[in-house]
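Heads up: the sequence shown at position 5 corresponds to 176 in my numbering, and the numbers run straight through without jumps. The structure under discussion appears below in the form of structure tokens.
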Amino acid sequence: MILEPKSFQLFPDSASNFAPSVDGLYGYMVVVSAFFSLLVAFLIIFFAVKYRKRAGAPIPTPADEHSIGGMILEIAWSVIPLVLSLVMFAWGASIMFEESRPPKDSLSIYVTGKRWMWKVQHLEGAREINELHVPINRNIKLTMTSEDVIHDFYVPAFRTKTDVLPGRYTTEWFRPTKIGAYHLFCAEYCGTKHSGMVGTVYVMSVEDYDKWLAQGSGEGSMAEEGESLFRQLGCGNCHVKDGHGRAPNLQGLYGMKADLSDGTSVRVDESYIRESVLYPQAKIVAGYDRIMPTFHGLITDEGMLKLIEYIKSLGNPSGVVPERTVPAEPSDIQKTGPMAVPSSEFRGQAASGKAAPASQGTGKQQ
Ligand code: HEC
Ligand SMILES: [Cu+2]
């Protein structure tokens, strides 16, 4: 059976855990707005007719401004709408908070927006373009970034919509509740073919999803690919596993607090790792020298996601990648790229900070 999203619908399917609550709030707002619109329209016409100018009618005396009746009326028409709109506020805020906090047990999937397509990468290695396959009844967390301009990942049937920003990671989560195919839109005008930046989200049964994953790309998992990037780029020359190198140990780093040389500390999340690699001078870990070369321009956004996934897997001994030592032997030292350091020099200069190539463009060391 080939599933296709419905071509025209007045109201999108309700296919995620958020759909009922968002629809409930939407319905409440429609009812409140409709009630007051009709009431005001009715009163305008009613009063216009009732108090129209009639020949010979007496001019009425002005109402007493300080009458108790008038005061009660004014308080009522202030307090009742206030309460009705505070309900909107509280209800909306509670949905927003829920949508902004992915549960810990979520299945992680990475999304990269690019003019004009969506690239999706599953942890197990499967990759897709303008399609996203997810299992039903499982919390799904998307970690998203953009290669160029601002996009916005929008699945109406899930009632979720999140901006996708260049140079930053944003997350979106949902729990699909209905098997089917649903529209995926870019909801941020991003250029001439913005309207073509669409795709399909397939919600599958768990068995179908496992089958789909199994016929994946044949490449390694994201963490494995991240590990080989880590080796290719020479990260392991400095970041050795036992923590005795000239660079901090990356084991168990993700989710911890990193103490910086300026006395502050920062939580290690995707954005911090990205910044540490592309702009190492921006935040220096306390107790270490400014020797890490910048990898800006050498790693694609997708490569970055793999490196992050690798570093995350280091923190989790039971995680995707089995414990393996990243070789830090001189034989493994990079001969090209930013780590083109002759191995003799490399070993001799360990603590001095001179081992970093001079051509890296990060300015003066120290
Ligand atoms: C020339 C040695 C060297 C290389 C090569 C190197 N790093 Fe670093 N790295 C360091 C040093 C020293 C620090 C600590 C000082 C700082 O924050 O810049 C660091 C800090 C970091 C941090 C922050 C760690 C923390 O505890 O907060 C991350 C993440 C990181 N590096 C990842 C990488 C990755 C990924 C690569 C490969 C693409 C890499 N590094 C290559 C030396 C290096
Ligand atoms: Cu877009």
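Beta carbons are placed, not taken as given, at the ideal position from N, Cα and C, and that holds for glycine.
> If you drop the 5 nearest sequence neighbours on each side, which residues of the same chain put their C-beta closer than 6 angstroms to that of TYR340?
Replying inline: THR314, THR316, GLU441, SER442
>> Check whether the stretch 263-276 and the stretch 287-295 are in contact - that is, three or more C-beta pairs closer than 8 angstroms.
In response: no
> In three-state DSSP terms, what is PRO183?
Replying inline: coil
> For GLY338, does the count of other Cβ atoms within 10 angstroms reach 16, so buried, or fall short, so exposed?
Replying inline: exposed
>> So within the stretch 293-368, which uninterrupted beta strand (DSSP E) runs reach at least 3 residues, ignoring any that extend past its ends?
In response: 298-300, 302-306, 311-317, 322-326, 331-335, 341-345, 351-357
> Straight-line CA distance for LEU478 to ARG461?
Replying inline: 21 angstroms
>> For PHE207, which residues in the same chain have their Cβ closer than 8 angstroms to its Cβ, ignoring the five residues on either side in sequence?
In response: PRO252
> With respect to 7 angstroms, is the separation between the Cβ of HIS410 and the closest non-hydrogen atom of ligand 1 below this value?
Replying inline: yes
>> So for ILE462, helix, strand or coil by DSSP?
In response: coil
> Which of helix, strand or coil does DSSP assign to ALA429?
Replying inline: strand
> Taking just the CA atoms, how far does GLY351 sit from GLY426?
Replying inline: 35 angstroms
> Within the present structure, is the beta-carbon of ALA394 separated from the nearest heavy atom of ligand 1 by less than 7 angstroms?
Replying inline: no
> Which ranges does the alpha helix (DSSP H) cover as unbroken runs of at least 4 residues, wholly within the stretch 237-272, from first to last along the chain?
Replying inline: 239-271
> Less than 7 angstroms between the CB of TRP287 and some heavy atom of ligand 2, yes or no?
Replying inline: yes
> Do the stretch 361-373 and the stretch 454-473 touch if we need at least three Cβ pairs shorter than 8 angstroms?
Replying inline: no
> Would you say the beta carbon of GLY370 comes nearer than 7 angstroms to a heavy atom of ligand 2?
Replying inline: no
> Exposed or buried, TRP164, counting other C-beta atoms within 10 Å across all chains shown (16 or more means buried)?
Replying inline: Residue 164 falls outside the range modelled here, since the chain spans only 172 to 537, and no answer is possible.
> Relative to the C-alpha of ASP381, which residue among LEU210, GLY296, GLY227 is closest?
Replying inline: GLY296
> ligand 1 heavy atoms versus the CB of TYR340: any closer than 7 angstroms?
Replying inline: no
> Within 7 angstroms: the Cβ of TYR425 and any heavy atom of ligand 1?
Replying inline: no
> Can you round the beta-carbon distance between MET393 and GLU446 to whole angstroms, since I take them to be within the 8 angstroms contact cut?
Replying inline: 20 angstroms between Cβ atoms; not a contact.
>> For VAL305 and ILE311, which I take to be in contact (beta-carbon distance under 8 angstroms), what is that distance rounded to the nearest angstrom?
In response: 5 angstroms
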